[in-house]
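Okay, structure first, notes after.
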Amino acid sequence: MLQPQLSNWECYNTLPIHSDAVRVVAISYDGQILASRSDDTTLQLYNLKTPCQPIILADNLEREYQGYGLTFSPNSPILAIESDKNVHLWNVITRQNQVLDLGLSVPICSLAFSPNGQLLAAGSFDGMIGFWDLTSNQPLPPLKAHFFPIWSLAFSPDGLTLASGSGDGTVGLWSLDHRHSDALLVGHSFPVWSVAFSPDGLTLATGSEDKTIKLWWLEIGQELVTFLGHTGTVESLIFSPNGKILVSASQDQTLKLWQISPNLQVGNQSDPIQTLTGHTGGIGTVAYSPSEDLIVSGSTDGTIKLWRQRG
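Shown next as structure tokens:
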């Protein structure tokens, strides 16, 4: 039986701040700041206590390649933003900015910080992964991971493995100690747009243009479950901090919440805990607050919605 507290989410605020599609949202490590990036060429910050009063951090962003790379450090007020072939590191408190050249030859389309915040990875349109060591403040040698764009990157909770979701429909698992491939996960029939590790590091969730979500048991590299129900591309995935919920965002204009439990049945699953509706455009990005009481979604309808549990 589902726990009632897992399935009573509702939208309590809609932010019509952007004038074009919202491509990515991110929440700071302390849960206080929300960042969003849009096709209107702005990057905006919101104090989540007063979200209707945003601060424009940057505008006139590179329009052709904008919107894919935006992520907060897991332990500092540093926001990483891709800008063509480079990455900007913004301190959202001091407003200091550092531009990083990771040695990539084509534009960047995905970013991820390691769990300790000491390594930044960037995936490019030609399938390369660039790295920046924030301890030495130097780039590390890039890694050839795929031959198609890397739409999503995620570090395992222990920081030893990097997952890459590619336009070729595969997911690469890369050992960062030895800089080689641990596994190639094959199962999606179209590009993989999102990858997310469970908080315990035992499973990986992948979302695809084939409209499915797959959950992989990493110890053996095998698919456990395929979640069905979306009617559009699954563009963004995130686990709740306690690992009990997986949230999926889709171009079908819905968010779906899936219960993750040790007794999850192997095979196809088509019954989410809850489906959240309200956006009038595709949803390409979702974020979960560290305190687990807030979900944020961004849509091509130009709005950001804030969701919380009733009661």
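Okay, so the sequence shown: first residue is 1 according to the UniProt record's numbering, each after it adds one. Just so you know, even glycine gets a beta-carbon here, dropped at the ideal spot from N, CA and C.
Candidates the options: closest to residue i by CA position
i: residue 319; options: 308, 233 and 122; result: In the structure as shown, the chain begins at 1 and stops at 311. Residue 319 is therefore absent and cannot be evaluated.
i: residue 283; options: 234, 258 and 268; result: 234
i: residue 260; options: 280, 287, 277 and 226; result: 226
i: residue 25; options: 293, 265, 19 and 37; result: 37
i: residue 7; options: 73, 303 and 258; result: 258
i: residue 270; options: 127, 28 and 248; result: 248
i: residue 209; options: 175, 166 and 94; result: 166
i: residue 281; options: 41, 73 and 232; result: 232
i: residue 72; options: 99, 111, 52 and 83; result: 111
i: residue 137; options: 298, 169 and 99; result: 99
i: residue 50; options: 266, 229 and 15; result: 15
i: residue 254; options: 264, 214, 307 and 148; result: 307
i: residue 35; options: 309, 289, 310 and 293; result: 289
i: residue 17; options: 56, 9 and 266; result: 56
i: residue 52; options: 13, 19 and 96; result: 13
i: residue 218; options: 228, 168 and 173; result: 173
i: residue 222; options: 117, 186 and 228; result: 186
i: residue 170; options: 176, 161, 177 and 149; result: 149
i: residue 275; options: 228, 304, 177 and 28; result: 228
i: residue 106; options: 117, 82, 95 and 94; result: 82
i: residue 203; options: 264, 250 and 177; result: 264
i: residue 266; options: 304, 162, 298 and 216; result: 216
i: residue 161; options: 113, 141 and 192; result: 113
Beta-ladder partner(s) of residue i, from DSSP
i: residue 298; result: 285 and 304
i: residue 243; result: According to DSSP, which records beta bridges pairwise, residue 243 is partnered with nothing at all.
i: residue 258; result: 246
i: residue 123; result: 110 and 129
i: residue 33; result: 47
i: residue 115; result: Note: residue 115 sits in no beta bridge, so no partner.
i: residue 97; result: 90
i: residue 181; result: 174
i: residue 10; result: 308
i: residue 204; result: 197 and 216
i: residue 211; result: In DSSP, residue 211 forms no bridge with anything.
i: residue 152; result: 165
i: residue 268; result: 226
CB of residue i within 8 Å of CB of residue j, strictly
i: residue 189; j: residue 207; result: no
i: residue 164; j: residue 129; result: yes
i: residue 120; j: residue 80; result: yes
i: residue 237; j: residue 179; result: no
i: residue 199; j: residue 155; result: no
i: residue 286; j: residue 273; result: no
i: residue 145; j: residue 159; result: no
i: residue 69; j: residue 48; result: no
i: residue 45; j: residue 54; result: yes
i: residue 22; j: residue 278; result: no
i: residue 197; j: residue 157; result: yes
i: residue 147; j: residue 168; result: yes
8 Å Cβ shell around residue i - same chain, five flanking residues per side excluded
i: residue 245; result: 6, 239, 257, 258, 259, 260 and 273
i: residue 310; result: 8, 9 and 10
i: residue 243; result: 198, 199, 200 and 260
i: residue 86; result: 99, 100, 101, 102 and 108
Close beta carbons around residue i, own chain, < 7 Å, minus the five adjacent residues each side
i: residue 91; result: 77 and 78
i: residue 40; result: 18, 19 and 20
i: residue 292; result: 240, 241 and 242
Sequence-distant residues of the same chain with beta carbon closer than 6 Å to residue i, five excluded per side
i: residue 211; result: 230
i: residue 139; result: 102, 103 and 132
i: residue 300; result: 21, 281 and 282
i: residue 97; result: 88 and 90
i: residue 214; result: 187, 206, 223 and 226
i: residue 175; result: 182
i: residue 252; result: 230, 231 and 232
i: residue 118; result: 134 and 135
i: residue 27; result: 34, 287 and 289
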